[in-house]
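So the sequence shown is numbered by this note's numbering: it starts at 1 and just counts up by one. Don't be surprised by glycine CBs; every beta carbon is placed ideally from N, CA and C.
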Amino acid sequence: MKRETPFDDDKLREECGVFGIFGHEDSAAHTVLGLHALQHRGQEAAGVVSYDGERFNAYRSMGLVADTLTSEHVVNSLKGMSAIGHVRYSTTGETILRNVQPLFAEFSSGGFAIAHNGNLTNAWQVRKRLVEGGSIFQSTSDTETIIHLIATSGGASLTDRFISALRQVVGAYSLVALTKDMMFGVRDPLGIRPLVLGKLDDVYCLASETCAFDILGAEYIRDVEPGEIVQITRDGLTSIKPFPRVRPRPCIFEYIYFARPDSVSVGGSVYNVRKNIGKELSREAPVDADLVVPVPDSGTPAAIGYSQESGIPFELGIIRNHYVGRTFIEPADNIRHLGVKLKHNPNRAELKDKRVVLVDDSIVRGTTSIKIVNMVRQAGAKEVHMRIASPPTIHSCFYGVDTPEREKLLAAKMTVEEMARHIGVDSLAYISMDGVYRAVGEARRMAGGPQYCDACFTGDYPVPLVDHEGGDSRAQLSLLAER
Ligand code: SF4
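Here is the structure:
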């Protein structure tokens with residue numbers, strides 16, 4: 001879990017972003033651009049590995065893509081026709097350079113680079129077994145577990161060994177991997193974390209989100225399917241489905257907050273889903289008010305939907321300063337109390353004497369909500385009604401999203417009425433789980449159960465939390481296969 005800073009939004013943190021391109025003369029430059037478009041998924045570190053026909057080239061660094069990877073010197077050093085890259089917000093493993101991905105290993109068959117978005121829920125148990133068997137780990141990242149499993153797995157080809165390794169892990173993972181003559185894209189059997197396939201001219205590329213294709217002018221082809229391995233070579237793409245079929249459960253929070261609104265997720269526009277959530281929220285929790293104001297930026301599409309459905313005018317009552325990066329975290333003690341004001345400023349002319357509906361995507365600890373509500377009141381708002389575009393977050397995520405422990409989640413320890421008093425609003429309401437499902441165009445429960453992972457709202461974890469709960473990872477794996 002991360003140390004809190006006065007400038008952190010009170011949000012679940014996106015996990016990581018991955019990108020890969022195979023067979024393009026500007027592979028490194030395109031990978032850097034793709035990672036730049038995915039920067040919202042991880043701001044702590046970034047890295048690229050390329051293959052130039054003779055050797056693999058790597059550059060990894062702490063910091064933002066624009067600050068670390070975009071120089072001519074770096075891009076020119078990443079020679080070759082194929083590259084994969086990663087942006088990171090660490091969810092497992094410390095934030096140190098040796099954990100920055102893509103990770104690289106030299107097997108008997110040649111080099112292998114891998115970048116991972118997600119979290120293996122049995123990584124600790126597998127690692128323990130591997131270490132007892134003599135494996136020596138270089139990092140604390142759970143991704144390295146996959147490398148060691150490939151090294152110790154049987155199989156005629158690297159692809160067979162990769163599949164064998166994947167059959168031994170449990171969790172949420174979207175992977176891109178690169179060898180001297182292949183690129184792989186993999187999604188876990190439930191497809192919890194996203195991965196999409198695109199084409200730039202005649203060249204395949206892979207990314208966590210479609211916004212990474214837009215920046216390149218690449219065409220979005222389709223999602224990599226849950227449980228699918230796409231193997232890309234000079235001869236084209238082969239789809240391998242080595243896992244027993246299970247009902248997919250992609251992360252519903254991608255729609256609510258993680259994905260960029262201009263991306264397409266599970267085939268649907270993220271922006272439209274967020275607007276739909278706002279419309280549902282307006283129907284479920286109407287309020288008599290003068291203005292709908294988003295907590296920018298993430299609350300904006302839902303606020304637009306709330307305004308359109310309710311007929312209450314939408315106004316930018318809070319302005320966000322986009323130049324307060326995550327690096328601005330150690331101010332002098334005497335300005336620490338300014339906190340949220342460095343990032344958000346009230347638009348007094350709009351707020352004064354108004355009854356305001358404040359729309360945000362989620363409340364995690366409640367720390368930022370208190371400050372924002374206070375700021376809106378100080379700017380002269382007569383009433384503040386908060387509407388939240390997700391159900392109460394009452395459980396931690398173990399699938400590659402940085403969440404506080406359950407006891408720190410405000411909704412896990414207070415009723416909605418208690419939260420309203422704690423945050424200082426005149427009323428507080430959340431969209432229901434059914435309302436979110438309606439907004440994504442699905443009934444909440446079809447025969448066989450829900451179609452999304454919604455565990456942070458419901459506690460219904462679709463993949464066994466092997467390390468967290470203890471128990472035998474092999475038994476849990478066979479359980480997963482039977483679902
Ligand atoms: Fe997404 Fe929540 Fe499931 Fe984590 S627990 S994968 S954030 S829906």
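In this structure, how does DSSP classify residue i when only helix, strand and coil are distinguished?
i, result
"T31", "helix"
"F253", "helix"
"V287", "coil"
"H385", "strand"
"S396", "coil"
"V18", "strand"
"P6", "Note that P6 scores 41 on pLDDT, short of 50, meaning its location in the model is unreliable; the coordinates nonetheless yield the value given after this. Coil at P6, not helix or strand."
"N122", "coil"
"V373", "helix"
"V87", "strand"
"N99", "helix"
"D467", "helix"
"E330", "Residue placement at E330 is poorly supported in this model, since its pLDDT is 44, which falls under 50; the coordinates still yield a value, given next. In this structure, E330 counts as coil in the three-state DSSP scheme."
"D402", "strand"
"I277", "helix"
"F243", "coil"
"S307", "helix"
Express the C-alpha separation of residue j and residue i in angstroms, rounding to a whole number.
i, j, result
"S109", "Q168", "21 angstroms"
"E383", "G317", "13 angstroms"
"L351", "N321", "18 angstroms"
"E254", "I394", "17 angstroms"
"F137", "I146", "11 angstroms"
"K354", "K79", "58 angstroms"
"P194", "R260", "12 angstroms"
"A420", "L428", "5 angstroms"
"S390", "E132", "44 angstroms"
"F104", "A412", "40 angstroms"
"M182", "E25", "16 angstroms"
"M62", "G42", "11 angstroms"
"V74", "Y59", "7 angstroms"
"E330", "K343", "In this prediction, E330 scores a pLDDT of 44, lower than 50, which makes its location untrustworthy; no coordinate-derived value is stated."
"F19", "E418", "43 angstroms"
"I221", "A379", "48 angstroms"
"F184", "T70", "25 angstroms"
"E15", "V295", "22 angstroms"
"F112", "D235", "20 angstroms"
"A302", "A285", "13 angstroms"
"D67", "A46", "10 angstroms"
"S362", "V373", "14 angstroms"
"S501", "D214", "The structure shown has nothing for residue 501, since the chain only spans 1 to 483."
"D52", "H30", "15 angstroms"
"R98", "S139", "6 angstroms"
"I304", "L281", "11 angstroms"
"R444", "I163", "33 angstroms"
"R474", "N345", "In this prediction, R474 scores a pLDDT of 41, lower than 50, which makes its location untrustworthy; no coordinate-derived value is stated."
"L130", "L149", "8 angstroms"
"K279", "T152", "52 angstroms"
"H116", "T143", "6 angstroms"
"D402", "F258", "12 angstroms"
What residues match up with residue i in a beta bridge as DSSP calls it?
i, result
"A105", "F112"
"V264", "S269"
"M550", "Residue numbering for the chain in the displayed model covers 1 to 483; residue 550 lies beyond these limits and cannot be assessed."
"G236", "T233"
"V292", "F314, V357"
"Y51", "F56, S82"
"D142", "According to DSSP, D142 bridges with nothing at all."
"N76", "Partner(s): none; N76 has no beta bridge."
"P346", "I318"
"N117", "S174"
Given a cut-off of 8 angstroms on the beta-carbon distance, is the pair residue i and residue j in contact?
i, j, result
"G366", "V203", "no"
"N119", "V466", "no"
"L190", "P462", "yes"
"D223", "G267", "yes"
"L178", "I84", "yes"
"V376", "A289", "no"
"V292", "Y306", "yes"
"V359", "G299", "yes"
"R187", "E228", "yes"
"L38", "V87", "yes"
"G400", "A212", "no"
"C453", "R249", "yes"
"C397", "A349", "no"
Just to check, is the beta-carbon of residue i closer than 7 angstroms to a non-hydrogen atom of the ligand GDP?
i, result
"A172", "Looking for the ligand GDP in the displayed structure turns up nothing; the ligands present are the ligand SF4."
Would residue i pass as an interface residue toward chain C - the criterion being a Cβ-Cβ separation below 8 angstroms?
i, result
"S310", "As a matter of chain content, chain C is missing from the structure shown, which is built from one protein chain."
Taking only runs that begin and end inside the region 148 to 231, name each unbroken alpha helix (DSSP H) of 4 or more residues, in chain order. 158 to 166, 211 to 214
Beta strand (DSSP E) runs wholly inside the region 406 to 458, at least 3 long, in chain order: 427 to 430
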